[in-house]
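For reference, the structure discussed in these notes is given below.
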Amino acid sequence: MEKVLRLAVSRMGGGTLQTAAEYSLGLAQGTRDWPAADRRRRAAQVYGVSVERFRKHHELMVLGQVAEQVVQLGAESGAHARPAPTSYDRIPAAHRTLPVRVHHGTVPVTLHVHSVDLLRDIDVVVSPTNTYFALPAPYKSSVSATLRRAGAHRDPVGGLVDDRIDDELRGWTARHGAPGRAAQPGTVAVTSAGALDGQGIRRIYHVAVAVPRPETNDYDVQPADITRGVARVFALLAEETARHDPPLRSVCLPLLGAGRGGLSPLESFAALWAAVEAELARGADWEIHFVVRRHARADLLERLLASRED
362 MEKVLRLAVS RMGGGTLQTA AEYSLGLAQG TRDWPAADRR RRAAQVYGVS
412 VERFRKHHEL MVLGQVAEQV VQLGAESGAH ARPAPTSYDR IPAAHRTLPV
462 RVHHGTVPVT LHVHSVDLLR DIDVVVSPTN TYFALPAPYK SSVSATLRRA
512 GAHRDPVGGL VDDRIDDELR GWTARHGAPG RAAQPGTVAV TSAGALDGQG
562 IRRIYHVAVA VPRPETNDYD VQPADITRGV ARVFALLAEE TARHDPPLRS
612 VCLPLLGAGR GGLSPLESFA ALWAAVEAEL ARGADWEIHF VVRRHARADL
662 LERLLASRED
């Protein structure tokens, strides 16, 4: 187990994340016999935060990233143990439809394993944003930046003609009296999908889950805000569906807060699923989709969804 943990931590890319993981798990030289409280205190110093702040936020992120690396190692080990695949078996499935137990019934949940801009024929795609509804630059790699980039209209040589999603989101904040002022976490703004309508994407629901820290480039994401925001997504979906022809039926969710937000994939999924399960349990028949870019995360979600049957 120690060898697995050391290998997992060594793949975390260095920096404060890896250093904090080494102290937390007693892998740093000379810390094997330290009490857990001392290891946590030293890991908190790596981030320059209080022990309590580290315990409630950073520690969850650190251990979540270690767990993700362990899962990836297990997947790679399993691949080496299996006979070599042939032809198209070498390509992991980009879409998986899973029967998921919800209370006394079973519902299909589709898991997409690719970039969010490759989605097709889904009515509503959920996008995480900050409480100021300020989208990141379109050249960045986040979900919201990718959707902004893909939703922009361009001329035949690639020049920007219409930054549709960003323009509409700015209009939404202006209409709701929020430009320059933070909204409550969990607030949802609605825009069109811009150029993504050519792929059958009809609406983007922007969920404010990232709370910026003043005078820094960092922000915090709380699981409760994710649950509240996704519940609001379903409420808006119910309000909007009748105004569209055909009605809105499907919604796709990324792992909100599991990137720079600091939540582990497990924490993000738990917060998402709390709202999804509550909606399905009351009899709603929306088509539920999840999207992740990495197969390791897809494998984790598949196991988590399968565990709903227990």
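For the sequence shown, our numbering gives the first residue as 362, with consecutive numbering after it.
The beta carbon of each residue, even a glycine, is placed where N, CA and C say it ideally should be.
*asked:* Could you pull the DSSP bridge partners for threonine 377 from this structure?
replied: Mapped onto the sequence shown, residue 377 falls at position 16. None, per the DSSP bridge assignment.
*Would you list the residues sitting across from proline 460 in a DSSP beta bridge?*
Numbered from its first residue, the sequence shown carries residue 460 at position 99. Pro469.
*asked:* For aspartate 527 and leucine 617, what's the separation of their Cα atoms in angstroms?
replied: Walking along the sequence shown from the start, residue 527 turns up at place 166. Walking along the sequence shown from the start, residue 617 turns up at place 256. Using only the alpha carbons, I get a separation of about 19 angstroms.
*Of the residues Thr492, Leu609 and Gly622, the one placed nearest histidine 418, counting alpha carbons only*: Residue numbering aside, residue 418 sits at position 57 when the sequence shown is read from its first letter. It is Gly622.
*Answer with buried or exposed for tyrosine 449, where buried requires no fewer than 16 other C-beta atoms within 10 angstroms of its C-beta.*
Looking up residue 449 in the sequence shown gives position 88. Low confidence applies here, because tyrosine 449 scores a pLDDT of 41, under 50, leaving its location unreliable; read the following figure in that light. Answer is exposed; the Cβ neighbour count stays below 16.
*Of the choices Thr458, Leu665, Pro499 and Thr602, whose alpha-carbon is the least far from that of leucine 521?*
On the sequence shown, residue 521 is found 160 positions in, with the first residue counted as 1. Closest option to leucine 521, Cα to Cα, is Pro499.
_With three or more beta-carbon pairs closer than 8 angstroms as the criterion, would you say the region 472-483 touches the region 572-587?_
no
*Thinking glycine 538 and arginine 525 are a contact (beta carbons under 8 angstroms), I'd like their distance in whole angstroms, please.*
Here residue 538 corresponds to residue number 177 of the sequence shown, with the count starting at 1. Here residue 525 corresponds to residue number 164 of the sequence shown, with the count starting at 1. Their Cβ separation, rounded to whole angstroms, is 22 angstroms, which puts glycine 538 and arginine 525 out of contact at 8 angstroms.
*For asparagine 491, which of Gly541, Leu388, Glu638 and Arg462 has the nearest alpha-carbon?*
The residue given as residue 491 occupies position 130 in the sequence shown. Considering only alpha carbons, the answer is Gly541.
*When you compare only the Cα positions, how much space is there between threonine 380 and serine 371?*
Position 19 of the sequence shown, counting from 1, holds the residue named residue 380. Position 10 of the sequence shown, counting from 1, holds the residue named residue 371. So the two alpha carbons sit approximately 10 angstroms from each other.
*Where the alpha helix (DSSP H) containing arginine 563 begins and where it ends*: Along the sequence shown, one-based indexing puts residue 563 at 202. Neither: arginine 563 is in no alpha helix (DSSP H) and is coded neither H nor E.
*asked:* Helix, strand or coil for tyrosine 493? Go by DSSP, reduced to three states.
replied: The sequence position of residue 493 within the sequence shown is 132, counting from 1. Coil.
_glycine 555 burial status per 10 Å Cβ neighbour count (16 or more: buried)_ = The residue labelled residue 555 in the question sits at position 194 within the sequence shown. Looking at its Cβ environment, which holds 16 or more other Cβ atoms inside 10 Å, glycine 555 is buried.
*Is the distance from the Cβ of arginine 679 to the Cβ of glutamate 648 below 8 angstroms?*
Beyond the ends of the chain as shown, which are 362 and 671, falls residue 679; an answer cannot be given.
_Span separating the alpha-carbon of serine 411 from that of serine 668_ = Within the sequence shown, the letter at position 50 stands for residue 411. Within the sequence shown, the letter at position 307 stands for residue 668. Answer to the nearest angstrom: the Cα atoms are 35 angstroms apart.
*Output the distance between the C-alpha atoms of proline 489 and tryptophan 533, rounded to the nearest integer angstrom.*
For the purposes of this step, residue 489 is taken as residue 128 along the sequence shown, with counting starting at 1. For the purposes of this step, residue 533 is taken as residue 172 along the sequence shown, with counting starting at 1. For proline 489 and tryptophan 533, the distance between alpha carbons rounds to 16 angstroms.
*Let me know the beta strand (DSSP E) ranges lying completely inside the region 571-658, each 3 residues or longer, listed in chain order.*
580-582, 611-615 and 648-653
*asked:* Would alanine 569 and threonine 548 be called neighbours here (beta carbons separated by less than 8 angstroms)?
replied: Counted from its first residue, the sequence shown places residue 569 at position 208. Counted from its first residue, the sequence shown places residue 548 at position 187. Yes.
*asked:* One question on the structure: do arginine 563 and aspartate 484 come within less than 8 angstroms of each other, judged by their Cβ atoms?
replied: Here residue 563 refers to the residue found at position 202 of the sequence shown. Here residue 484 refers to the residue found at position 123 of the sequence shown. Their beta carbons are under 8 angstroms apart, which means arginine 563 touches aspartate 484 by this criterion.
_Extract the residue ranges of the beta strand (DSSP E) inside the region 501-527, only unbroken runs of 3 or more that lie entirely within it._
521-523
*Would you identify the three-state DSSP class for threonine 318, choosing helix, strand or coil?*
The requested residue 318 is not part of the displayed model; the chain covers only 362 to 671.
*Would you call the region 414-433 and the region 625-645 touching, i.e. three or more CB-CB distances under 8 angstroms?*
yes
*With respect to the alpha helix (DSSP H) encompassing aspartate 399, which residues constitute its N-terminal and C-terminal limits?*
Locating residue 399 in the sequence shown gives position 38, counting from the first residue. Here the alpha helix (DSSP H) through aspartate 399 covers 397-408.
*Minimum C-alpha distance to valine 591 - residue among Ser553, Arg414, Phe651 and Arg393*: As a first step, residue 591 must be located in the sequence shown, where it is residue number 230. Measuring C-alpha to C-alpha distances from valine 591 to each of Ser553, Arg414, Phe651 and Arg393 identifies Phe651 as the nearest.
*asked:* Quick check on the burial criterion: 16 or more other C-beta atoms within 10 angstroms. Buried or exposed for alanine 636?
replied: Residue numbering aside, residue 636 sits at position 275 when the sequence shown is read from its first letter. Buried, because 16 or more other Cβ atoms sit within 10 Å of the Cβ of alanine 636.
*With 16 other Cβ atoms within 10 Å as the buried cut-off, status of serine 505*: On the sequence shown, residue 505 is found 144 positions in, with the first residue counted as 1. Per the 10 Å Cβ criterion, buried.
*Select from Gln583, Ile565, Asp516 and Thr471 the residue whose C-alpha is nearest the C-alpha of alanine 659.*
In the sequence shown, residue 659 corresponds to position 298, counting from 1. The option with the nearest alpha carbon to alanine 659 is Thr471.
*Would you list the residues sitting across from alanine 569 in a DSSP beta bridge?*
The count along the sequence shown starts at 1 and reaches residue 569 at position 208. In DSSP, alanine 569 forms a bridge with Thr490.
*Confirm, please, whether the CB-CB distance from valine 431 to valine 365 is below 8 angstroms.*
Reading the sequence shown from its first residue, position 4 is the one you call residue 365. Reading the sequence shown from its first residue, position 70 is the one you call residue 431. Valine 431 sits close to valine 365, with the two beta carbons spaced by under 8 angstroms.
*Since serine 629 contacts alanine 619 with CB under 8 angstroms, what's their CB separation in whole angstroms?*
Position 268 of the sequence shown, counting from 1, holds the residue named residue 629. Position 258 of the sequence shown, counting from 1, holds the residue named residue 619. The pair is a contact, with the Cβ atoms about 4 angstroms apart (cut-off 8 angstroms).
*Could you check the C-alpha separation between threonine 507 and glutamate 383 for me, to the nearest Å?*
Taking the sequence shown and counting its residues from 1, one reaches residue 507 at position 146. Taking the sequence shown and counting its residues from 1, one reaches residue 383 at position 22. Near 33 angstroms, if we compare the C-alpha coordinates of glutamate 383 and threonine 507.
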